[in-house]
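To start, the structure itself, in C-alpha coordinates.
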Amino acid sequence: MMGAVIMGLSIVKTNNILKLLKFNEAIKSWKTLFYLMIFFLFGYLVAFYLFIYKIIDLIAVLTGLVFFLGSCFVLLSVNIYNQTLEKIIKIQEEYREAKETVEKTLGELKRTQGRLIHNEKTI
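With our numbering as the guide, the letters of the sequence shown map in order to residues 41 to 163.
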(Lines of atoms letter the chains of each structure in order from A; the text may use other names.)
(Lines give C-alpha, C1' and ligand atoms only; values in the text may rest on other atoms or scores of the structure.)
Protein backbone atom coordinates (compact mmCIF):
# COMPACT_ATOMS: atom_id res chain seq x y z
CA MET A 41 0.00 0.00 0.00
CA MET A 42 2.99 2.30 0.49
CA GLY A 43 3.48 2.24 -3.30
CA ALA A 44 -0.10 3.45 -3.75
CA VAL A 45 0.55 6.37 -1.38
CA ILE A 46 3.71 7.34 -3.27
CA MET A 47 1.88 7.03 -6.59
CA GLY A 48 -0.90 9.25 -5.23
CA LEU A 49 1.66 11.92 -4.30
CA SER A 50 3.21 11.62 -7.77
CA ILE A 51 -0.21 12.13 -9.34
CA VAL A 52 -0.71 15.32 -7.33
CA LYS A 53 2.72 16.67 -8.31
CA THR A 54 2.22 15.76 -11.97
CA ASN A 55 -1.15 17.50 -11.93
CA ASN A 56 0.66 20.64 -10.69
CA ILE A 57 3.12 20.31 -13.59
CA LEU A 58 0.20 20.03 -16.02
CA LYS A 59 -1.18 23.32 -14.68
CA LEU A 60 2.19 24.97 -15.40
CA LEU A 61 2.31 23.59 -18.94
CA LYS A 62 -0.99 25.01 -20.17
CA PHE A 63 0.21 25.71 -23.72
CA ASN A 64 3.48 23.77 -23.87
CA GLU A 65 4.08 21.27 -26.67
CA ALA A 66 5.07 18.63 -24.09
CA ILE A 67 1.67 18.65 -22.39
CA LYS A 68 0.45 15.62 -24.36
CA SER A 69 3.36 13.52 -23.08
CA TRP A 70 2.88 14.77 -19.52
CA LYS A 71 -0.82 13.91 -19.71
CA THR A 72 0.09 10.40 -20.87
CA LEU A 73 2.37 10.05 -17.84
CA PHE A 74 -0.42 11.36 -15.63
CA TYR A 75 -2.91 8.79 -16.94
CA LEU A 76 -0.37 5.99 -16.59
CA MET A 77 0.13 7.02 -12.95
CA ILE A 78 -3.61 6.80 -12.39
CA PHE A 79 -3.61 3.37 -14.01
CA PHE A 80 -0.76 2.26 -11.73
CA LEU A 81 -2.62 3.54 -8.68
CA PHE A 82 -5.65 1.58 -9.81
CA GLY A 83 -3.34 -1.44 -10.34
CA TYR A 84 -2.08 -1.15 -6.75
CA LEU A 85 -5.63 -1.15 -5.47
CA VAL A 86 -6.63 -4.11 -7.64
CA ALA A 87 -3.52 -6.04 -6.55
CA PHE A 88 -4.35 -5.31 -2.92
CA TYR A 89 -7.92 -6.56 -3.50
CA LEU A 90 -6.65 -9.71 -5.26
CA PHE A 91 -4.20 -10.35 -2.44
CA ILE A 92 -6.82 -9.90 0.29
CA TYR A 93 -9.26 -12.25 -1.44
CA LYS A 94 -6.48 -14.67 -2.49
CA ILE A 95 -7.25 -14.51 -6.22
CA ILE A 96 -3.75 -15.65 -7.15
CA ASP A 97 -4.37 -16.42 -10.85
CA LEU A 98 -5.05 -12.79 -11.76
CA ILE A 99 -2.09 -11.44 -9.82
CA ALA A 100 0.33 -12.92 -12.39
CA VAL A 101 -1.54 -11.25 -15.28
CA LEU A 102 -1.71 -7.95 -13.43
CA THR A 103 1.99 -8.14 -12.58
CA GLY A 104 2.95 -8.71 -16.22
CA LEU A 105 0.78 -5.82 -17.34
CA VAL A 106 2.23 -3.53 -14.69
CA PHE A 107 5.81 -4.45 -15.64
CA PHE A 108 5.11 -3.81 -19.33
CA LEU A 109 3.38 -0.49 -18.75
CA GLY A 110 6.03 0.41 -16.17
CA SER A 111 8.73 0.06 -18.81
CA CYS A 112 6.65 2.21 -21.19
CA PHE A 113 6.30 4.75 -18.40
CA VAL A 114 10.06 4.88 -17.83
CA LEU A 115 10.76 5.26 -21.56
CA LEU A 116 8.22 8.06 -21.86
CA SER A 117 9.62 9.74 -18.73
CA VAL A 118 13.17 9.66 -20.08
CA ASN A 119 11.98 11.11 -23.40
CA ILE A 120 10.15 13.93 -21.62
CA TYR A 121 13.16 14.69 -19.41
CA ASN A 122 15.41 14.72 -22.48
CA GLN A 123 13.10 17.09 -24.38
CA THR A 124 12.80 19.34 -21.34
CA LEU A 125 16.56 19.50 -20.80
CA GLU A 126 17.19 20.21 -24.48
CA LYS A 127 14.67 23.05 -24.37
CA ILE A 128 16.17 24.50 -21.16
CA ILE A 129 19.68 24.35 -22.63
CA LYS A 130 18.47 26.01 -25.85
CA ILE A 131 16.71 28.78 -23.92
CA GLN A 132 19.79 29.33 -21.75
CA GLU A 133 21.97 29.65 -24.86
CA GLU A 134 19.52 32.12 -26.42
CA TYR A 135 19.46 34.10 -23.18
CA ARG A 136 23.27 34.13 -23.00
CA GLU A 137 23.52 35.35 -26.61
CA ALA A 138 20.89 38.06 -26.02
CA LYS A 139 22.68 39.16 -22.85
CA GLU A 140 26.00 39.40 -24.69
CA THR A 141 24.35 41.46 -27.45
CA VAL A 142 22.75 43.81 -24.92
CA GLU A 143 26.02 44.20 -23.02
CA LYS A 144 27.91 44.93 -26.26
CA THR A 145 25.28 47.48 -27.34
CA LEU A 146 25.32 49.08 -23.91
CA GLY A 147 29.11 49.35 -24.07
CA GLU A 148 28.88 51.01 -27.48
CA LEU A 149 26.22 53.42 -26.22
CA LYS A 150 28.40 54.34 -23.23
CA ARG A 151 31.38 55.01 -25.51
CA THR A 152 29.22 57.10 -27.84
CA GLN A 153 27.82 58.99 -24.89
CA GLY A 154 31.34 59.62 -23.60
CA ARG A 155 32.44 60.95 -27.01
CA LEU A 156 29.38 63.19 -27.23
CA ILE A 157 29.99 64.58 -23.75
CA HIS A 158 33.65 65.14 -24.62
CA ASN A 159 32.70 66.89 -27.88
CA GLU A 160 30.14 69.00 -26.03
CA LYS A 161 32.77 70.13 -23.53
CA THR A 162 35.26 71.04 -26.25
CA ILE A 163 32.77 73.22 -28.13
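We put the beta carbon where it would ideally sit given N, CA and C, even for glycine.
Would you say residue i and residue j are within 7 Å of each other, going by their C-beta atoms?
{"i": "I99", "j": "L109", "result": "no"}
{"i": "L61", "j": "W70", "result": "yes"}
{"i": "L81", "j": "M42", "result": "no"}
{"i": "A44", "j": "Y75", "result": "no"}
{"i": "Q132", "j": "A66", "result": "no"}
{"i": "I51", "j": "M77", "result": "yes"}
Going straight from the alpha carbon of residue i to that of residue j, what length do you get?
{"i": "L149", "j": "Y121", "result": "41 Å"}
{"i": "N165", "j": "Q153", "result": "Since the first residue of the chain shown is 41 and the last is 163, residue 165 is not available in this structure."}
{"i": "A87", "j": "N56", "result": "27 Å"}
{"i": "L146", "j": "I129", "result": "25 Å"}
{"i": "T162", "j": "L125", "result": "55 Å"}
{"i": "L116", "j": "L73", "result": "7 Å"}
{"i": "V101", "j": "F107", "result": "10 Å"}
{"i": "R155", "j": "T141", "result": "21 Å"}
{"i": "G104", "j": "N64", "result": "33 Å"}
In the DSSP assignment, find the unbroken alpha helix (DSSP H) run with residue i in it and report its ends.
{"i": "L73", "result": "67 to 92"}
{"i": "M47", "result": "42 to 60"}
{"i": "N159", "result": "96 to 162"}
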